[in-house]
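Those sequence lines, one after another, are chains A and B.
Under the numbering used here, the first residue of the first sequence carries the number 1, and numbering increases by one thereafter.
Under the numbering used here, the first residue of the second sequence carries the number 1, and numbering increases by one thereafter.
Number of protein chains: 2
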Amino acid sequence: MVTIYDVAKETGYSITTVSRALNNYPDVSDKTKKIILEAVDEMGYFPNSIARSLTMKKSFTLGVIFVEDLGVGMKHPFFSAVIEGFKQRAEKFGYDLVFINRFIGNEKKSYIDHAYYRGVDGIIVVCSNYSDPEVVKLIESPLPSVVLDVHSDKTNVIYSNNVYGCELVIDHLYSLGHKKIAHIAAAEDTFTGNERLKGYKLGMDKYGLPINEDYIVDGGYFSYEGGYHAMNNLLKLDDVPTAVFASGDTMAIGAIKAIKEAGLKVPDDISIVGFDDIDLAQHITPALTTIRQNTELMGKRAADLLIDQINDKDEDFSTVILSVDLIDRESTKSLTD
Amino acid sequence: MVTIYDVAKETGYSITTVSRALNNYPDVSDKTKKIILEAVDEMGYFPNSIARSLTMKKSFTLGVIFVEDLGVGMKHPFFSAVIEGFKQRAEKFGYDLVFINRFIGNEKKSYIDHAYYRGVDGIIVVCSNYSDPEVVKLIESPLPSVVLDVHSDKTNVIYSNNVYGCELVIDHLYSLGHKKIAHIAAAEDTFTGNERLKGYKLGMDKYGLPINEDYIVDGGYFSYEGGYHAMNNLLKLDDVPTAVFASGDTMAIGAIKAIKEAGLKVPDDISIVGFDDIDLAQHITPALTTIRQNTELMGKRAADLLIDQINDKDEDFSTVILSVDLIDRESTKSLTD
DNA sequence: CTGAAAGCGCTTACAG
DNA sequence: CTGAAAGCGCTTACAG
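And the structure:
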């Protein structure tokens, strides 16, 4: 590897001047700068980010912390989509992404220790269940951070307008003539699960529809199996609902499976609506009616928030709420046709 | 942050001794070691990985290079599954993952420059199209690397037994009575596309089935749209095949869409087989019969290969070929029932 | 068994 | 406009 010393030797200038020329300091003569930049180009020199980080106490590195209960990690369709948007934006600003776990060597440490160990400039934390004390430590630490899908005034947060999305769902279902609308809710300790349950109730209230407690069933942590079991519970009811709104697409797909196994059809017998619009949603049969979250935008805005915080430590924390859209596909049907 | 100097001051030993105690050097007295380790624990000290990297010229960091033509990045269902396995194994050995792009600051550089800039100890490269000269540079560079889904004797490679998998497909289809079997092939400059085409032909030969050139259609780079268009071309034929084997699951799902749009049914009118067994495969209707690649194992073995190479530079390059299984679901049907 | 010193490759006051 | 020096926080010969 060619170092700054090699460039200094080659050009006859000191490493100080080479460094300054490289970093666009104004007080380098044009002639000197030209000579140095040419040599740099010719020698294929670029700085060693590690040495630079040690000096500057800044690594141009962002930590990604992925805590999810399903154990799917990067295969998580929603999270991976957000991280992709985040990555693209972060790279534009010269930041690279590094995954942060809770180990250092073989010892179990905390995420926050690992983040400091790696010297990341900030972190993005993506997680479905914020009751984890580890996650709380992360949020409250002075390390710049942006957190997805939770509300907090102790750091930057970003999430979709879950409540409004649910109202859109009820609007849609009601306009199709549905009144017996059930909800497959996510676990209570998830922020999005709570928000969506709230939105479901709000929507029902809006139309004066009674909220039947039997119609609110637990689907766990947004899993396929959770949706499947929840739907089976709904099917056991004396008065089976005509429409089911699941708190997440994956649960909706599990619910569809349960309905099919019971010998019923979607949407002919039961209409189904999901939330998220994961890639899968458009490809299943019937294609899933759902609420689209703008995952790419969420990732990009998260990057902006985080980088702003890094560059201006005194900045107040932001809360960004993204708008959502109903995507009307084939899993819902009018009752009045 | 507490540094090694703080620990030295606290315990009265030199930083040299602290460092040695921390790194389990044998020549530290048990008493000293105990004192130092206790102080370390109490003070919450852990080394700064950046300073350590600069000294040791080793970063305990592995670069992930993701080159794919679809632009889906981390959302790629097959790649992300492999990387997840890779990540889990790498973390066990104390390595963190960092994504490598082709920029340094705002300047367009090569992947390999970026890898050196970040000082990663090795790289995993995942890419569908290996004709890219950038990728060739990567493979041929002295930086330890492991490459997925390609064959090369210039680095470590790992891939599934694509040819055998295709033979399994033809075995299965033939046993169901199919003779008119078409193949939606992937682009010629993809390794897996080529291997699978080869396997298809081998399988057909085995049963003395004629290979009709009209039955081999181009599906591009494993995309949904590619499969959709390829299937439409197949449907235009005078003699439509009774079974179609697509070189990837996503293409198979696109093909199913085309068949449905033509008013035909899968598997009643046409049987479909995919390749990969992505998560989606089991959830679509009909559930997709496909060849399962063991993505998690692929990721873990890739990590082993790479870390071995890093620890023993002289080691010869390895080629690992993973076995595959046919997963029989609902998208194929016997012709003789 | 322990410590002083050098060095990893940079950046940035400080001085001229 | 340019350079010598210090320092970022570690590890590792070298010496005792």
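We treat Cβ as the ideally placed atom computed from N, Cα and C, and that holds for glycine.
What is the residue span of the alpha helix (DSSP H) that isoleucine 139 of chain A lies within?
Unbroken alpha helix (DSSP H) run through isoleucine 139 of chain A: 133-140.
State buried or exposed for threonine 336 of chain B, treating a residue as buried only when at least 16 other CB atoms are found within 10 Å of its CB.
Burial call: exposed.
Per DSSP, what are the beta-bridge partners of lysine 108 of chain B in this structure?
Paired residues: B:Phe103.
Starting from phenylalanine 191 of chain B and walking both ways along the alpha helix (DSSP H), at which residues does that stretch end?
Its alpha helix (DSSP H) spans residues 191-206.
Take proline 144 of chain B as the anchor and find which of B:Ile327, B:Ile216, B:Arg329 and B:Asp308 has the nearest alpha-carbon.
Comparing Cα positions, the closest option is B:Asp308.
8 Å CB neighbourhood of serine 223 of chain A in its chain, flanking five on each side removed:
When the five nearest sequence neighbours on each side are left out, the beta carbons in the same chain lying within less than 8 Å of the beta carbon of serine 223 of chain A are those of Leu70, Thr250, Met251 and Gly254, in order along the chain.
For aspartate 189 of chain A and serine 247 of chain A, which I take to be in contact (beta-carbon distance under 8 Å), what is that distance rounded to the nearest angstrom?
The beta-carbon distance between aspartate 189 of chain A and serine 247 of chain A, rounded to whole angstroms, is 13 Å. This is too long to meet the 8 Å contact definition.
8 Å contact criterion, which valine 169 of chain A and threonine 155 of chain A should meet: CB distance rounded:
Wrong, their Cβ atoms sit about 30 Å apart, outside the cutoff.
Let's see if you can read the secondary structure: which residues bound the alpha helix (DSSP H) around histidine 283 of chain A?
Secondary structure note for histidine 283 of chain A: it is in no alpha helix (DSSP H), with a DSSP letter that is neither H nor E.
Which chain A residues are close to tyrosine 221 of chain B, counting only those with a beta carbon under 8 Å from its beta carbon?
Near tyrosine 221 of chain B there are no residues of chain A at all, since even the closest Cβ is about 16 Å away, more than 8 Å.
Which residues share a DSSP beta bridge with phenylalanine 245 of chain B?
Answer is B:His183 and B:Val273, bridged to phenylalanine 245 of chain B.
Determine whether the beta carbon atoms of methionine 74 of chain B and serine 29 of chain A lie at a separation below 7 Å.
No, the Cβ-Cβ distance between methionine 74 of chain B and serine 29 of chain A is not below 7 Å.
Bounding residues of the alpha helix (DSSP H) (the contiguous stretch that carries leucine 37 of chain B)
First-last of the alpha helix (DSSP H) with leucine 37 of chain B: 30-43.
Counting along the chain, where does the beta strand (DSSP E) carrying glycine 122 of chain B start and finish?
Boundaries of the beta strand (DSSP E) around glycine 122 of chain B: 122-127.
7 Å is my cut-off, CB to CB: does valine 120 of chain B come that close to chain A?
Not one chain A Cβ lies under 7 Å of valine 120 of chain B.
Under a Cβ-count criterion, where at least 16 other Cβ atoms within 10 Å of its own Cβ denotes burial, should tyrosine 221 of chain B be classed as buried or exposed?
Around the beta carbon of tyrosine 221 of chain B, 16 or more other beta carbons lie within 10 angstroms, which makes this residue buried.
Give me the Cβ distance between isoleucine 291 of chain B and valine 324 of chain B, rounded to the nearest whole Å; I'm assuming they're in contact under 8 Å.
Contact between isoleucine 291 of chain B and valine 324 of chain B holds, since their C-beta atoms are separated by about 5 Å, short of 8 Å.
Grouping DSSP H, G and I as helix and E and B as strand, with all else coil, what is threonine 332 of chain A?
Here threonine 332 of chain A sits in coil by DSSP.
Of the residues B:His183, B:Met204, B:Asp238 and B:Lys198, the one placed nearest glycine 219 of chain B, counting alpha carbons only:
When each option's Cα is compared against that of glycine 219 of chain B, the closest is B:His183.
Between the C-alpha atoms of valine 217 of chain A and tyrosine 228 of chain A, what's the straight-line distance to the nearest angstrom?
The alpha-carbon atoms of valine 217 of chain A and tyrosine 228 of chain A are separated by roughly 11 Å.
Quick one: which chain A residues come within Cβ less than 7 Å of aspartate 96 of chain B?
One finds Val98, Phe99 and Arg118 in chain A with Cβ atoms closer than 7 Å to the Cβ of aspartate 96 of chain B, taken in chain order.
Helix or strand or just coil, what does DSSP make of asparagine 156 of chain B?
Here asparagine 156 of chain B sits in strand by DSSP.
For leucine 22 of chain B and leucine 37 of chain B, what's the separation of their Cα atoms in angstroms?
Using only the alpha carbons, I get a separation of about 7 Å.
Distance cutoff 7 Å, beta carbons only. Does isoleucine 216 of chain B sit that close to anything in chain A?
No - not a single Cβ of chain A is within 7 Å of the one on isoleucine 216 of chain B.
Runs of alpha helix (DSSP H) lying entirely within the region 1-29 of chain A, each at least 4 residues, in chain order
Qualifying alpha helix (DSSP H) stretches, in chain order: 4-11 and 15-22.
Contact with chain B by phenylalanine 66 of chain A, beta-carbon distance below 7 Å
Judged by the 7 Å Cβ criterion, phenylalanine 66 of chain A is not in contact with chain B.
Three-state secondary structure assigned by DSSP to phenylalanine 93 of chain A:
Secondary structure at phenylalanine 93 of chain A: coil, using DSSP grouped into helix, strand and coil.
Determine the direct distance from the alpha carbon of threonine 11 of chain A to that of aspartate 279 of chain B, and round the result to whole angstroms.
Here the alpha carbons of threonine 11 of chain A and aspartate 279 of chain B stand approximately 57 Å from one another.
Within this structure, are the beta carbons of glycine 85 of chain B and glycine 299 of chain B separated by less than 7 Å?
For glycine 85 of chain B and glycine 299 of chain B, yes; Cβs fall inside 7 Å.
Please state whether the Cβ-Cβ distance between leucine 173 of chain A and serine 334 of chain A is less than 7 Å.
No. Outside cutoff.
Identity of the residue in B:Ile35, B:Phe66, B:Ser59 and B:Ile65 nearest aspartate 121 of chain B by Cα:
The shortest C-alpha to C-alpha distance from aspartate 121 of chain B to any of B:Ile35, B:Phe66, B:Ser59 and B:Ile65 is the one to B:Ser59.
Near isoleucine 100 of chain B, which residues of its chain fall below 8 Å by C-beta distance, leaving aside the five closest residues on each side in sequence?
Gly63, Val64, Ile65, Tyr111, His114, Ala115, Arg118, Val120 and Ile123, listed in sequence order.
For phenylalanine 245 of chain A, which option in A:Leu197, A:Glu261 and A:Asp239 has the closest C-alpha, if you only look at C-alpha atoms?
If you compare the alpha carbons of A:Leu197, A:Glu261 and A:Asp239 with that of phenylalanine 245 of chain A, the shortest gap goes to A:Leu197.
Given a cut-off of 7 Å on the beta-carbon distance, is the pair arginine 89 of chain A and alanine 303 of chain A in contact?
The beta carbons of arginine 89 of chain A and alanine 303 of chain A sit closer together than 7 Å.
Which value, in whole angstroms, describes the spacing of the CA atoms of lysine 260 of chain B and aspartate 276 of chain B?
Looking at the two C-alpha atoms, the distance is approximately 22 Å.
Residue environment, histidine 151 of chain A, which counts as buried when at least 16 other CB atoms sit within 10 Å
If you draw a 10 Å sphere on the C-beta of histidine 151 of chain A, you find fewer than 16 other C-beta atoms in it, and that means exposed.
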